[in-house]
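Residue numbers (UniProt numbering): 1 to 154. Positions of the beta carbon are idealized from the N, C-alpha and C atoms, including for glycine.
Right under this line is the structure:
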């Protein structure tokens, strides 16, 4: 069995245990240099927080373990196809490799596909069902972006 298969089996077992405990069928394993750094399961039912997806839980835990929001060199192994939110988090944290066991097509018959969200997100923001309006409000005083730039400079 390859490392990829082994870590995917671990993610699937996390998903199984999560279902046994009343949760949704998703588990994730985050690995760096061949070593498991963190794991996560979908905790939406337990927390009521719609962002507690397995991949995000693993990313949060790995960031704490490694002491950094950057997870360059890490690989995510997920039981299911990551949703756009989880995929975006991987991009934002520097994760450049992902493997998943169940596709959106396989999850669709169970109501577990995020393919429609991916299709919506592929449209320009002005054409999406979410109304998004840019309102360039500024207030007197320090501009937060300028403050950030000044603080970030060595």
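Tell me where the alpha helix (DSSP H) around residue i begins and ends.
i          : result
residue 44 : 44-47
residue 77 : Unbroken run through residue 77 is the beta strand (DSSP E), 74-80; no alpha helix (DSSP H).
Would you tell me roughly how many angstroms separate the C-alpha atoms of residue i and residue j, rounded to the nearest one?
i           : j           : result
residue 53  : residue 37  : 17 Å
residue 73  : residue 34  : 10 Å
residue 41  : residue 27  : 4 Å
residue 106 : residue 115 : 11 Å
residue 46  : residue 23  : 7 Å
residue 101 : residue 120 : 24 Å
residue 145 : residue 138 : 11 Å
Where do the ends of the beta strand (DSSP E) carrying residue i lie?
i          : result
residue 39 : 35-41
residue 98 : 97-102
Determine the DSSP secondary structure at residue i, reduced to helix, strand or coil.
i          : result
residue 19 : helix
residue 30 : strand
Figure out for me which residue from the options has the closest Cα to the Cα of residue i.
i           : options            : result
residue 7   : 116, 99 and 148    : 99
residue 15  : 103, 144 and 78    : 78
residue 95  : 145, 55 and 149    : 55
residue 31  : 19, 129 and 11     : 11
residue 226 : 76, 50, 81 and 151 : No answer is possible for residue 226: it lies beyond the span of the chain, which begins at 1 and ends at 154.
residue 18  : 44, 1 and 4        : 44
residue 5   : 20, 29, 70 and 21  : 29
Exercise. May I ask you to verify whether the stretch 103-110 touches the stretch 124-138, counting CB pairs closer than 8 Å and requiring at least 3?
Key: no
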